[in-house]
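Those protein sequence lines, which keep their order, are chains C and P. Sequential numbering of the first sequence, starting at 5, is according to the working numbering. Sequential numbering of the second sequence, starting at 8, is according to the working numbering. The beta carbon of each residue, even a glycine, is placed where N, CA and C say it ideally should be. To start, the structure itself, in structure tokens.
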Amino acid sequence: MKIAITSTGKDLDAQVDPRFGRAAYIIVVDTDTLDFEVIDNSENKNAFKGAGITAASAVCDKGAQVLITGFCGPNAFKTLDSAGVKVANDATGTVRSTVEDYKAGKFTFSDSANAEGHW
Amino acid sequence: MIISIASGKGGTGKTTVATNLCASLDADLMLLDCDVEEPNAHLFLNPNITEEKKVNAPVPKVDLSLCTRCKKCMEICRYGAIAVAGKAVVTFPELCHSCGGCMVVCPEKAITETDRFIGTVETGSLGLPEGASFGQGLLDIGQVMAPPVIKQVRQLEGQKKLTIIDAPPGTSCPVIAAMKGTDFVLLVTEPTPFGLHDLTLAVEAVKLLDIPCGLVINRAGLGNDGVNNYAQKENIPILLEIPFDKRIASAYSKGELLVRALPEYKEIFKGLYTSIEALVNRKGAA
Ligand code: SF4
Ligand code: SF4
Numbered sequence: 005m006k007i008a009i010t011s012t013g014k015d016l017d018a019q020v021d022p023r024f025g026r027a028a029y030i031i032v033v034d035t036d037t038l039d040f041e042v043i044d045n046s047e048n049k050n051a052f053k054g055a056g057i058t059a060a061s062a063v064c065d066k067g068a069q070v071l072i073t074g075f076c077g078p079n080a081f082k083t084l085d086s087a088g089v090k091v092a093n094d095a096t097g098t099v100r101s102t103v104e105d106y107k108a109g110k111f112t113f114s115d116s117a118n119a120e121g122h123w
Numbered sequence: 008m009i010i011s012i013a014s015g016k017g018g019t020g021k022t023t024v025a026t027n028l029c030a031s032l033d034a035d036l037m038l039l040d041c042d043v044e045e046p047n048a049h050l051f052l053n054p055n056i057t058e059e060k061k062v063n064a065p066v067p068k069v070d071l072s073l074c075t076r077c078k079k080c081m082e083i084c085r086y087g088a089i090a091v092a093g094k095a096v097v098t099f100p101e102l103c104h105s106c107g108g109c110m111v112v113c114p115e116k117a118i119t120e121t122d123r124f125i126g127t128v129e130t131g132s133l134g135l136p137e138g139a140s141f142g143q144g145l146l147d148i149g150q151v152m153a154p155p156v157i158k159q160v161r162q163l164e165g166q167k168k169l170t171i172i173d174a175p176p177g178t179s180c181p182v183i184a185a186m187k188g189t190d191f192v193l194l195v196t197e198p199t200p201f202g203l204h205d206l207t208l209a210v211e212a213v214k215l216l217d218i219p220c221g222l223v224i225n226r227a228g229l230g231n232d233g234v235n236n237y238a239q240k241e242n243i244p245i246l247l248e249i250p251f252d253k254r255i256a257s258a259y260s261k262g263e264l265l266v267r268a269l270p271e272y273k274e275i276f277k278g279l280y281t282s283i284e285a286l287v288n289r290k291g292a293a
């Protein structure tokens, strides 16, 4: 299964980016094979408004079923939730260790957003 | 004639000037409170509200059976108010500016409009001056789209010879919506560095709209003469200086009109109106 993790770099050893909409990259990892795909979020990072919503839409497009990040705002959460993507917050460490943590069942999925909107 | 009363920031005495100007004139007039996030002119004027009208703004509604998830709607929306998420299309009515862009670009005609309640417009009459009318807009709690409500309030314009508009504070879209197309902008400021900073922004906006303006300095004598120097440099007439006076502050805090607490101000506000009239006529003649 595919999970999306916000990242400061382009590979599995990069640190998790705690931001979602304004994360540098979003890495979509296959939990079985560890094959991954990188979404370059840099354009979105400087977006005037709706960065979280756009990033959420991109995550849905890649077929990820789970998003793991630091903070996910309410609008992004609503977008992901509508597409049936589950969200886990408060991730730290590298992308690789986050995948391990996920496989070990260390994340709980939130029912709501944990960061206030910026508008 | 339509006079809008504005200030770069809140708390400068904009409402004091609007309500007292209104209460000092014998003219055939109406006061429109366009400070829709926090209308407070009614606290001083005690209008008799006789009518209430709902204001709606159109927001998109997507028919998923027609939608091909092409994302064109999402790409055109500047406000992040519509998004394609997997098989779903999500809308954020509270972010939508009702521009209609998504509807226009949708190649499948999958988007229709639906109404969202955003506020109310109330109308009524005033006892002072007799026969004057009153209107105010009230943005519903949690809504951010003030301009459509302001535009609805301004639909009332023209029923009387003189319309006085109490504009919202600040210099963004709502203020522009309240000042646009008026004959004169009366800017109310304080003689402090903060007041001056916000005043310069407000003056820029007024210049863009090409409307003649004049200045009221409230709590004069409290700060420095930065505002006076600026007015001179920019060639903006100072039409009135209201000194800092404890009796004025106390009347305000009790919701009492200044012209009631200190009747000598009635003539002063009449004089203010005469100066405005002269400036508007001069512009008309030029
Ligand atoms: S009407 Fe305009 S602001 Fe509203 S969702 Fe459509 S494009 Fe965005
Ligand atoms: S533009 Fe129309 S067809 Fe395309 S995703 Fe939006 S609603 Fe669907």
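Bridge partner(s) assigned by DSSP for residue i
i: lysine 94(P); result: None; lysine 94(P) has no bridge partner.
i: tyrosine 29(C); result: Ser11(C), Asp44(C)
i: aspartate 190(P); result: DSSP, once it has assigned bridges, lists no residue as partnering aspartate 190(P).
N- and C-terminal bounds of the beta strand (DSSP E) containing residue i
i: methionine 37(P); result: 36 to 40
i: valine 266(P); result: That residue, valine 266(P), is in no beta strand (DSSP E); its alpha helix (DSSP H) goes 265 to 268.
i: threonine 10(C); result: 6 to 11
i: arginine 23(C); result: Neither: arginine 23(C) is in no beta strand (DSSP E) and is coded neither H nor E.
i: aspartate 173(P); result: 169 to 173
i: alanine 92(C); result: 90 to 92
i: threonine 58(C); result: Segment 55 to 65 is the alpha helix (DSSP H) holding threonine 58(C); no beta strand (DSSP E) there.
i: lysine 60(P); result: 55 to 69
Beta carbon proximity, residue i to chain C, threshold 8 Å
i: tyrosine 86(P); result: yes
i: alanine 153(P); result: no
i: methionine 81(P); result: yes
Cα-Cα separation, residue i to residue j
i: valine 112(P); j: alanine 64(P); result: 19 Å
i: proline 181(P); j: glycine 15(P); result: 12 Å
i: threonine 189(P); j: alanine 90(P); result: 38 Å
i: threonine 5(P); j: leucine 208(P); result: Outside the displayed span of chain P (8 to 293) sits residue 5(P), for which this structure offers no information.
i: threonine 96(C); j: glycine 74(C); result: 7 Å
i: lysine 82(C); j: phenylalanine 24(C); result: 13 Å
i: proline 250(P); j: threonine 196(P); result: 12 Å
i: alanine 68(C); j: threonine 37(C); result: 14 Å
i: leucine 246(P); j: lysine 116(P); result: 55 Å
i: proline 200(P); j: tyrosine 237(P); result: 11 Å
i: isoleucine 148(P); j: valine 103(C); result: 42 Å
i: tryptophan 123(C); j: alanine 153(P); result: For tryptophan 123(C), the pLDDT reaches just 41, beneath the cut-off of 50, and the residue's location in the model is therefore unreliable, leaving the point undetermined.
i: glycine 202(P); j: glycine 221(P); result: 15 Å
i: glutamine 166(P); j: glycine 138(P); result: 12 Å
i: glycine 285(P); j: glutamate 44(P); result: Per the sequence shown, residue 285(P) should be read as alanine rather than glycine. Alanine 285(P) and glutamate 44(P): Cα-Cα distance of roughly 32 Å.
Span of the alpha helix (DSSP H) around residue i
i: asparagine 79(C); result: 78 to 86
i: leucine 145(P); result: Here leucine 145(P) belongs to no alpha helix (DSSP H); instead the beta strand (DSSP E) covers 140 to 146.
i: arginine 226(P); result: Segment 220 to 227 is the beta strand (DSSP E) holding arginine 226(P); no alpha helix (DSSP H) there.
i: leucine 208(P); result: 200 to 216
Residue-level contact to chain P via CB, residue i, 8 Å cutoff
i: threonine 10(C); result: no
i: leucine 71(C); result: no
i: alanine 60(C); result: yes
i: alanine 87(C); result: yes
i: leucine 84(C); result: yes
i: cysteine 64(C); result: yes
i: glycine 109(C); result: no
i: asparagine 79(C); result: yes
i: glycine 54(C); result: yes
i: isoleucine 7(C); result: no
i: isoleucine 31(C); result: no
i: isoleucine 125(C); result: Nothing can be reported for residue 125(C): it is not among the residues displayed for chain C, which extend from 5 to 123.
Any non-hydrogen atom of ligand 4 closer than 7 Å to residue i Cβ
i: leucine 146(P); result: What this structure holds is ligand 1 and ligand 2, not ligand 4.
What are the residues of the segment 89 to 109 of chain P that lie near chain C, defined by any Cβ-Cβ distance shorter than 9 Å?
Ile89, Ala90, Val91, Ala92, Gly93, Lys94, Ala95, Val96, Val97, Phe99, Glu101, Leu102
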